[in-house]
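2 protein chains.
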Amino acid sequence: MKTINLAEKLATFASHWDPHVVADYNDNDVMVVKFKGEFPFHKHDATDDFFLVLEGEMLMDIEGEPSRTVKAGEMFIVPKGVVHRPRAEEEVKVLLIEPKGEPNSGDADREPAPKPRI
Amino acid sequence: MKTINLAEKLATFASHWDPHVVADYNDNDVMVVKFKGEFPFHKHDATDDFFLVLEGEMLMDIEGEPSRTVKAGEMFIVPKGVVHRPRAEEEVKVLLIEPKGEPNSGDADREPAPKPRI
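These protein sequence lines map, in sequence, to chains S and D. All residue numbers in the first sequence are consecutive under this note's numbering, ending with 118. All residue numbers in the second sequence are consecutive under this note's numbering, ending with 1118.
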């Protein structure tokens, strides 16, 4: 039970598309991540996908819809079942929340490794 | 499904201790709130309590432990069952996440009104 400084946590790693768990909220992982480039299109059948931009600017591409821009201090929730991909032209720092065990890609076979905790 | 600017949402109300729902994440309300002064000590028996400070500085008083300071860009999760109260000497703006229907005070009899959505 302690105060979690998100910038300090983000400063501990440099990798992209590599969420690090910083806290537990009920049965969810609260994570920080750095994005640059684009993630594969995917969906989560059983969970909404929570994004809060902490620094920089993210694009959220959504199948069949215009892309959305999400800047620092803005959040975006992708409802369950919606095909999407986050994308960033420059590095963006993001807070994610996902039920424990949910693979970021929506596909457990692609992501066998547990997320690191910092 | 749209980008949610938290500062814009916070600018729509002035009241303290009055969470406003800005989004749904699975069966949780994502809320913004302004605190000033102190909330009653309370606990949530069945849910962790999620706080992310967006602007300003919050104190988290915890029964039997030293108070914690939580500043902008910092988060604090109070595990279920832990007696606590948020407090702020100056106005602080906070993101909250709680399962739908959970009263902020942990006591449904004290909080019959549904939280407003903005």
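Just so it is clear, CB atoms sit at the ideal spot from N, CA and C, and this is done for glycine as well.
For this session: Below 8 Å on the Cβ atoms is my guess for E141 of chain S versus T69 of chain S; work out the distance and round it to an integer in Å.
Result: What the structure shows of chain S is the stretch from 1 to 118, and residue 141 of chain S is not part of that stretch, so it cannot be assessed.
Problem set entry | Per-residue burial, A1023 of chain D [other beta carbons within 10 Å of its own, 16 or more giving buried] | buried
Exercise. Using the beta-carbon of each residue, which ones in chain S are nearer than 8 Å to G1073 of chain D?
Worked result: N5, L6, A7 and L54
Exercise. Which of helix, strand or coil does DSSP assign to P112 of chain S?
Worked result: Because the pLDDT of P112 of chain S is 49, which lies under 50, any placement of that residue in the model is unreliable, and the number read from its coordinates should be weighed accordingly. Three-state result, P112 of chain S: coil.
Exercise. So which of S:L6, S:K115, S:P103 and S:M1 has the shortest CA-CA distance to V53 of chain S?
Worked result: S:L6
Exercise. Whose C-beta lies closer than 8 Å to the C-beta of H84 of chain S among residues of the same chain, with five residues either side of it excluded?
Worked result: F41, H42, K43, D49, M60, D61, I62, E63 and V78
Problem set entry | For E1102 of chain D and L95 of chain S, the rounded distance between their alpha carbons | 23 Å
For this session: Would you mind working out which of D:Y1025, D:L1010 and D:S1105 sits nearest P1099 of chain D, comparing C-alpha positions?
Result: D:Y1025
For this session: Within its chain, find whatever has a CB closer than 6 Å to the CB of D29 of chain S; leave out the 5 residues flanking it on each side and keep chain order.
Result: V21, E98 and K100
Exercise. Going along the segment 1025–1056 of chain D in order, which residues come within less than 8 Å of chain S, judged by CB to CB distance?
Worked result: Y1025, N1026, V1030, T1047, D1048, F1050, L1052 and L1054
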